[in-house]
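Residue numbers (the working numbering): 195 to 441.
Glycine included, C-beta positions come from ideal geometry on N, C-alpha and C.
All values reported here derive from a predicted model rather than from experimental measurement.
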Ligand code: HPA
C-alpha cells in the first residue's frame with residue numbers, strides 16, 4: 195500500500211518519472227477528488243500521485259475539492275504528502291525557477307470549505323497548527339535537494355490568496371508587511387486539512403513569477419509556464435532523491 199503521495203500543482207499534472215501501475219476513481223463522503231488516484235513506482239518505490247487541478251488542469255484553486263483529495267489519500271493508507279505548489283516570489287531572493295520549502299503560512303482565502311470538523315461532532319475540535327508543516331518531511335526535502343546538487347530556500351512564509359486572479363501590487367506590499375515571502379493560491383486549506391487527518395505534510399514550492407509589482411514584466415500565463423517548466427525539472431530531481439528515503 196502506498197504510504198507516500200505527491201499532490202501536483204500547476205506545471206506538474208503528471209509525473210514523467212513515475213512508472214504507472216494503475217488508476218483508481220475514488221468517491222469520498224465529501225465528493226470526488228480532483229482526478230483518479232494514480233499509482234506508480236518511482237526509484238523502485240510505490241507512491242500515489244494526484245493532480246490538484248485535475249488531470250487536464252481545469253479546476254481553479256478556489257474550486258478544488260481539497261477535502262475529497264485529502265480524504266481519498268488518507269483512505270488509501272497514505273501517511274506522508276508532498277505538495278508541489280507554483281508560487282509568486284515576494285522576497286527578493288525568491289526569483290523565478292527557485293525552489294522553496296516553506297515553514298510557515300498565512301491564510302488569506304475565504305469561502306473555501308476548510309475543515310472536516312463541522313458536522314456530527316461529539317465535541318468541538320481545534321487542531322494545533324503552530325507549525326503548519328511536518329518538520330521531518332521538510333528536512334528530507336531540503337536534504338534531498340542538496341544531494342541532487344540543487345539549492346532550495348529552506349524556509350519562508352507562504353501567503354495563500356483566494357485567486358484565481360493574481361494580486362495587485364498593493365496587495366503584494368501588504369503581504370510583505372505581514373511577513374510573507376511567497377504567495378500562491380493552493381496552500382490552504384490543504385495544509386490544515388492534512389493536519390486534521392494527521393498526515394505528515396510539506397510543500398515544495400516553485401517560483402513561477404515575481405509577485406505583482408516586483409518584476410519587470412507583466413505576469414502572463416506563458417511566462418508562468420515558461421519558468422515552471424525549468425523549476426519542475428528540478429522538482430523531479432528532488433522527488434527522485436527523496437522518495438526512496440520516505441517509502
Ligand atoms: N500569486 C498567487 N499565486 C500564484 C502566483 C502569484 O503571483 N504565481 C503562481 N501562483
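- Contact between residue 236 and residue 401 is ruled out by a C-beta separation of about 24 Å, above the 8 Å threshold.
- By the Cβ neighbour-count rule, residue 421 is buried, with 16 or more other Cβ atoms within 10 Å of its own.
- Considering only 361, 254, 263 and 283, the residue with the shortest C-alpha distance to residue 225 is 263.
- One thing to note: residue 354 has its Cβ no nearer than 9 Å to the Cβ of residue 318.
- For the stretch 205-274, the full-length beta strand (DSSP E) segments reaching 3 residues or more read 213-218, 231-236 and 239-245 along the chain.
- Straight-line measurement puts the Cα of residue 425 at about 16 Å from the Cα of residue 201.
- Residue burial is scored here from C-beta neighbours: residue 371 has fewer than 16 other C-beta atoms within 10 angstroms and is therefore classed as exposed.
- A residue is called buried once 16 or more other Cβ atoms fall within 10 Å of its Cβ, and residue 265 is buried on that count.
- Between the stretch 278-287 and the stretch 251-258 there are fewer than three C-beta pairs closer than 8 Å, too few to call the two in contact.
- DSSP, reduced to helix, strand and coil, places residue 404 within a strand of the structure shown.
- Residue 441 and residue 363 have their C-alpha atoms spaced approximately 42 Å apart.
- For residue 337, the closest of 408, 431 and 208 by C-alpha to C-alpha distance is 431.
- The three-state secondary structure of residue 314, taken from DSSP, is coil.
- Within the stretch 382-426, the complete alpha helix (DSSP H) segments at least 4 residues long are 384-390, listed from N- to C-terminus.
- A direct Cα-Cα distance of roughly 34 Å separates residue 323 from residue 414.
- Residue 298 is positioned such that its CB atom lies closer than 9 Å to that of residue 350.
- For residue 424, the shortest separation between its Cβ and any heavy atom of the ligand HPA does not lie below 8 Å.
- Set against 8 Å, the gap from the CB of residue 406 to the closest heavy atom of the ligand HPA is smaller.
- Just measuring C-alpha positions, the residue of 427, 392 and 366 sitting nearest residue 404 is 366.
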